[in-house]
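Numbering (the working numbering), first residue to last: 2 to 63.
Listed below in structure tokens is the structure:
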């Protein structure tokens, strides 16, 4: 598949037409903030937590 046909397909990797909006994610962001503050996570600790959660739910980069 050449570059021209990939561009014409209109599909983007990792993009979903039904992606959640900012307001849909607001509750998740609020809860995540609360948990990280409660446990006083540093930057490195929060990075580690995110990596582990991605592994546990099987989330990989597109």
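Note that CB positions come from ideal geometry on N, CA and C, so glycine has one too. Treat the numbers as computed from the prediction; the structure is a model and nothing was measured.
Residue span of the alpha helix (DSSP H) that contains residue i, given as start and end
| i | result |
| --- | --- |
| residue 22 | No alpha helix (DSSP H) holds residue 22; DSSP gives it neither H nor E. |
| residue 47 | 44 to 58 |
Whole-angstrom distance between residue j and residue i, CA atom to CA atom
| i | j | result |
| --- | --- | --- |
| residue 36 | residue 19 | 27 Å |
| residue 59 | residue 43 | 24 Å |
| residue 23 | residue 48 | 22 Å |
| residue 61 | residue 55 | 7 Å |
| residue 29 | residue 45 | 20 Å |
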